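Note that the sequence shown covers residues 1 to 811 in full-length UniProt numbering. Yeah, the Cβ is synthetic: ideal placement off N, Cα and C, and Gly gets one too. Keep in mind it's a predicted model, so treat the numbers as computed, not measured. Report on one structure; see the data block that follows.
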Amino acid sequence: MQLAVLLIFILAACVPWLYGKHKDRTSKLLALLPAGLTLWFAQFIPDIASGNTIVHEHAWIPGLDISFTMMLDGLSLMFALLICFIGTFILIYAGNYLKGHPSLPRFLVILMSFMGSMLGLVLSDNLITLFVFWELTSITSYLLIGFNHHQADVRKAALQGLIVTVAGGLALLAGLVMLASAAGSYSLQEIFNSNQVLTEHPLYVGMLICLLLGAFTKSAQFPFHFWLPNAMAAPTPVSAYLHSATMVKAGIYLMARLQPELGGTALWMALLTSFGAFTMFTGAFLAIRSTDLKKLLAYSTVMALGTLTLLLGIGTELAMMAFAAYLVGHSLYKGALFMLAGIVDHETGTRDVTQLGGLRYLMPITAICTLVAAFSLAGLPPLFGFVAKELMLDALVQSSLSKWILLLVIASAALGVAVAAIIAIKPFFGTLQNTPKKAHEAPLELLAGPVVLTTLSLLMGLMPGLAGQWFVLPAAASVWAQPIDGYLSLWHGFNWALLISLISLGLGILVFKRWDSVRSILSLLNPLIQRGPEAGYFRFMDGIVYIAQWQTSLLQNGSMRSYLRSIILTFVLLTGYTLTQRYQLHWNWDVSVYLHEIIVALLLITAAVTACITHSRLGAVAAMGVVGYSIALFFTLFSAPDLAITQILVETLTVILLVLVLFRLPGFGNISTTAERGRDAAVAILTGTLITLLIMITIDIQLFPPISDYMIENSQPLAYGRNIVNVILVDYRALDTLGEIFVLALAAMGVYAMIKFRPDTAPGANQYAGTLILPPKNLSASSTEDTQPSTLSKQSLSSSTKLSKNKQEGN
């Protein structure tokens, strides 16, 4: 299984080479891999259906308990088959849909990477590898949605989807870490087989909220649903794949995978049923307002995702069967419908259903496939969508959900029927409309996917028992965490579920017949809808920009003084707070000080103050030199002659370099007010005081045995040297000293180059050097004199130059 995932990424890397060799046939060649993987996964159906789980383990980072382990059970097998099977036809479809597009190779690379990421996600057993593939789906989907990145709206939609899903991914990461901490393992198998009851763990509430945030953002649950319809800016092959078998189903997969361990609680049921039901209704409500085929389908996907979340929240055995059946049925008809919508757009030049009609004569195969797939969307027999819908309604009736949720489900089902009727009837029936392009039937490459998927939906509806035994019941058993003794049937007799289905069918037909009036009435709600979650997203993004601008102007304003002040104040506040609040301050004031040491200390302080207050650069350099030599005196007084010699050499070199550079600097001037200088002085005094306290405190603290004992004992026996400092520099830390020598040599070369460099003699020096260039008086072409730069010679500027020099020397 690891090789299956890696092969997809390897083949994605080979796409440019394949396209160079085979051009338009590349997509068909790429489709051979997911087709082969479909057959390979299909061989596990009997074994998985018997209740077995297949695990392939490969150690990735053993020290961190992270393994590249793949797990195949009923749930992951169902997802793997959908990803590979539908992905095969998406690749064939994309090759013809984008035929001749200059960026087709780039598209195929990203699409293959997207496929591999989703397959790795559903097969991962380790939580860390699951998260890695989770984020890869976000990144690759961002690239796919933004494929036509030259359009501003496309870039905006892609960025919106990325921000929402990645923000949820951060919450998911926190939830996965808490889950691993509570369970004691990052392996899903070990978590499922452990005896710990995670629902009673103190981290359960926080863990569940973080995990659901990740799942809700990925699967477009309210209030994060808005990014999914906007993602229709992507090419149709992306929309078909993203909505049917990948990306948006990732959050659903995560909730289903964790349901055995985290589900069943009152909090789980309340969150999933309420958000699922409201998402279901929101998707259906917004769909009925749309006239774009892809938007109609996108909002119906939101409705389906809400339905799946609702079923997971109910959590009964029947609900798990309905969940698995609904997921398979939705994947089949939604993949077909999106590809059919792309065909209509590709062959007519428009997706607006109000501008379409009568296409059944010109596009008969497309019309038949759309009708069959739309019947499955509406839940009409004998399609598999009807089987899934009846199971869903039956699970709702037998649950203890409130009547409000049941009313939302009935209203959503009715609106779903109306949406299906709009998609199936408006473009293909009625009077033939004039379209931007002359309509004709699509080629075989575009029709292959819809024909196969709609045929399969019909066959599974006619033989639901076989489909349930192979796909649905094993997946439901994985979510239910125990064997399920059930069956799927096309006819369940007269019951409440059938009655609700008939009521929703009648209401849906009524809404379809009054669709224009319904849209006019619903348009009155546009001001309210425009203030919905998407508007909140944009306000949130504007707030981030405002905060970024504010903190940039405050903290990143280009002033080195401001940067240093912020860093030092942060250090002082945090360290000072820690010292005063968490520790008892004990320092040793019993220090004997001699007169000559006091004199040197006063000399050092005087020199430091002088360097701060003098207006002469030369005086400041000299004062800093006195500070350095005073430190050398301290080294000498405290028996460190080697350090004193080093300090004197470095200080001497520093003073010489500063003096050499001094004459090339601009004139001295005050760039801060008296108040600002006072503030900086206060910060400096606080820092100095804190450092002094730290030194006084640490005099009597010895956490570990001093390393100096080892140096004293081994300096002569091991390094044959009695000067311990020299031995440390030359032997014990030889490479470090070598690096310091290299840095000093490099700095010396830079200083030498700076001293020797003369701008006025450098190659390409300005021919007007030494001349003041004034702007031209007039750029009129009538006068050649006006178009030449006016100049003043050095001589004419001599008096002003002398005055400037005198002022600088005075400052």
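Bridge-paired residues (DSSP) for residue i
| i | result |
| --- | --- |
| Ser187 | Asn126 |
| Val626 | Answer by DSSP bridge pairing: none, since Val626 is not bridged. |
| Leu72 | Ile54 |
| Asp352 | Asp292 |
| Ser67 | Ala59 |
Cβ-Cβ separation, residue j to residue i (assumed contact under 8 Å), whole Å
| i | j | result |
| --- | --- | --- |
| Gln196 | Gly306 | Not a contact, Cβ separation roughly 31 Å. |
| Leu318 | Asp394 | 6 Å |
| Ser117 | Phe133 | 5 Å |
| Leu123 | Ala180 | Not confirmed; about 19 Å, so no contact. |
| Ser239 | Phe338 | 5 Å |
| Met363 | Ala439 | 6 Å |
| Ala420 | Leu377 | 4 Å |
| Ile712 | Ile699 | Contact doesn't hold; Cβ gap of about 20 Å is too wide. |
| Leu415 | Phe216 | Not quite, the Cβ-Cβ distance comes to about 22 Å (not below 8 Å), so this is no contact. |
| Gly87 | Pro46 | The Cβ separation is near 23 Å, so there is no contact. |
| Leu396 | Phe278 | That belief does not hold up - the Cβ atoms of Leu396 and Phe278 are roughly 15 Å apart, past 8 Å. |
| Thr236 | Ala341 | 7 Å |
| Leu211 | Ala182 | Not confirmed; about 12 Å, so no contact. |
| Leu77 | Met1 | Wrong, their Cβ atoms sit about 11 Å apart, outside the cutoff. |
Simplified DSSP assignment, three categories, for residue i
| i | result |
| --- | --- |
| Val197 | coil |
| Leu779 | For Leu779, the pLDDT reaches just 38, beneath the cut-off of 50, and the residue's location in the model is therefore unreliable, although a value from the coordinates is still provided. Three-state result, Leu779: coil. |
| Trp491 | coil |
| Gly810 | Reliability fails at Gly810, whose pLDDT of 39 lies under 50, so the model's placement of it is uncertain and the value that follows must be treated cautiously. DSSP places Gly810 in helix when its eight states are reduced to three. |
| Ala59 | strand |
| Phe663 | coil |
| Glu441 | coil |
| Thr316 | coil |
| Met247 | coil |
| His225 | coil |
| Thr787 | Model confidence at Thr787 stands at a pLDDT of 36, short of 50, so the residue's coordinates are unreliable; what they give is reported in the following sentence. Three-state result, Thr787: coil. |
| Ala49 | helix |
| Ala769 | Because Ala769 sits at a pLDDT of 43, beneath the cut-off of 50, its placement in the model cannot be relied upon, and the following sentence gives the value as read from the coordinates. DSSP places Ala769 in coil when its eight states are reduced to three. |
| Leu98 | coil |
| Ser331 | helix |
| Thr279 | helix |
| Phe512 | helix |
| Gln151 | coil |
| Pro202 | coil |
| Leu522 | helix |
| Leu432 | coil |
| Ser113 | helix |
Buried or exposed (CB count within 10 angstroms, at least 16 for buried), residue i
| i | result |
| --- | --- |
| Arg733 | exposed |
| Arg257 | buried |
| Ala270 | exposed |
| Leu466 | exposed |
| Leu3 | exposed |
| Ser478 | buried |
| Ile671 | exposed |
| Gly750 | exposed |
| Thr348 | buried |
| Ser517 | exposed |
| Ile728 | buried |
| Gln84 | Strictly speaking, residue 84 in this sequence is Cys, with Gln absent from that position. With 16 or more other Cβ atoms within 10 Å, it is buried. |
| Arg740 | Just to set this straight, residue 740 is Glu in the shown sequence, not Arg. It is exposed - the Cβ of Glu740 has fewer than 16 other Cβ atoms within 10 Å. |
| Asp125 | buried |
| Cys612 | exposed |
| Asn726 | exposed |
| Val609 | exposed |
| Lys99 | exposed |
Cutoff 7 Å: residue i Cβ touching any chain D Cβ
| i | result |
| --- | --- |
| Thr673 | Of the protein chains in the structure, only one exists, and it is not chain D. |
At 4 residues or longer, and completely inside the region 544-610: list those alpha helix (DSSP H) runs for me, N to C. 560-582, all fully within the region 544-610.
At 4 residues or longer, and completely inside the region 335-419: list those alpha helix (DSSP H) runs for me, N to C. Runs found: 364-378, 384-398.
Mind listing, in chain order, the continuous beta strand (DSSP E) runs of no fewer than 3 residues lying wholly within the region 2-44? With a minimum length of 3 residues, no continuous beta strand (DSSP E) run stays inside the region 2-44.
Length at least 4, wholly inside the UniProt domain "MrpA C-terminal/MbhE" (677-760): the alpha helix (DSSP H) runs in chain order: Runs found: 708-719, 724-727, 734-756.
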